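Undergrad:
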Amino acid sequence: MSAPAPKREEVPLPTALAPMGAEAIRALWKQRRDFYAQAHLYEDIRIRVHRALSWMAAAESRGPDARDTQLLEWWAAAGSLFARWSAVLHAPLPIREATDSFARQAIEWDRDGLLRALLPDLRDRAAPMWTDPYLAAAVGMAGAAGAENTVPIDHTSFLAGALWRSGLTAQQLALGAATYGGAQNRIAVDRSAWLLQQLLPALLQVIIDHGYVDDWGPLCSPPRE
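The numbering used here numbers the first residue of the sequence shown as 18 and each following residue consecutively.
This is the structure in structure tokens:
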């Protein structure tokens, strides 16, 4: 007799600390973006933000029955910001390294304390991602070392770990290693989608308010002329 499927997790509503959707963020960014475009400044970050907002808007348009698709779209939005090309590997930097670097920069540029206010609340709700047997198996398969079942206290490590663990779930879906809408990974999918839904608006706000002046690494796929 097979084990019963896990019950669908009650996903908390979006936090009031980062309530803005894609269109609101795009409106805030537009005047600055247009000025930078005319001055030929910060092209890479303009591309990153544009791509992230396009995926974020797609994710926001989904209903509750399209959670798998929504997670993939939230993950693509996150990847638009953190992914970077490695000239040494001639390939994208491994996701674990890319999210570590991205988290350090994001916390550094959190000049208004948005992430520092948001992350403690997310840490409590996301803590099961560090003990979930489904994700623990994926972490082990990814060759992670060290104590991976303890939620980090410092903001940088938590942000990097939360992004990476959300990505492990999204990658399983992208590789067809689960049934669309399947019950067995429902808790992991719901939790990961919810977490990215909280993080992306805050990360985008940090970047467009302060971090746009920094180098976020080479784009993996620069636009063609």
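Note that the Cβ used here is the ideal one computed from N, Cα and C, for glycine as well.
Quantities reported herein were computed from a predicted structural model and do not represent experimental measurements.
Relative to the C-alpha of residue 120, which residue among 47, 224, 237 and 60 is closest?
TA: For this step, residue 120 is matched to residue 103 along the sequence shown. Cα-wise, what sits closest to residue 120 is 224.
Undergrad: Please name the residue, chosen from 179, 42, 192 and 102, that lies closest to residue 236 on a Cα-to-Cα basis.
TA: Against the sequence shown, residue 236 aligns to sequence position 219. Taking only the C-alpha atoms, the option nearest residue 236 is 102.
Undergrad: Taking 8 Å as the cut-off, does the region 200 to 209 touch the region 112 to 126 (at least 3 CB pairs, one atom from each stretch)?
TA: Counting Cβ pairs under 8 Å, fewer than three are found: no touch.
Undergrad: Could you give the uninterrupted runs of the alpha helix (DSSP H) lying entirely in the region 54 to 95, keeping only those of 4 residues or more?
TA: Within the region 54 to 95, the complete alpha helix (DSSP H) runs of at least 4 residues are 60 to 77.
Undergrad: Can you give the beta carbon distance from residue 93 to residue 72, rounded, assuming they're within the 8 Å contact cut?
TA: Counting from 1 along the sequence shown, the entry for residue 93 is found at position 76. Counting from 1 along the sequence shown, the entry for residue 72 is found at position 55. Residue 93 to residue 72, Cβ: 4 Å. Contact.
Undergrad: Excluding the 5 residues preceding and the 5 following residue 97 in the sequence, name in chain order all residues of the same chain whose CB lies nearer than 7 Å to its CB.
TA: Counting from one through the sequence shown, the residue named residue 97 turns up at place 80. The residues are 65, 68, 69 and 72.
Undergrad: Give me the Cα-Cα distance between residue 191 and residue 89, rounded to the nearest whole angstrom.
TA: By one-based count along the sequence shown, residue 191 stands at place 174. By one-based count along the sequence shown, residue 89 stands at place 72. Rounded to the nearest angstrom, the two C-alpha atoms are 7 Å apart.
Undergrad: What's the gap between the Cα of residue 143 and the Cα of residue 208?
TA: Numbered from its first residue, the sequence shown carries residue 143 at position 126. Numbered from its first residue, the sequence shown carries residue 208 at position 191. In a straight line, the C-alpha of residue 143 is about 7 Å away from that of residue 208.
Undergrad: Can you name, in chain order, every residue of its own chain whose Cβ lies under 8 Å from the Cβ of residue 152, other than the five neighbours on each side?
TA: Indexing the sequence shown from 1 puts residue 152 at position 135. Within the same chain, residue 152 has close Cβ partners 146, 182, 185, 186 and 205.
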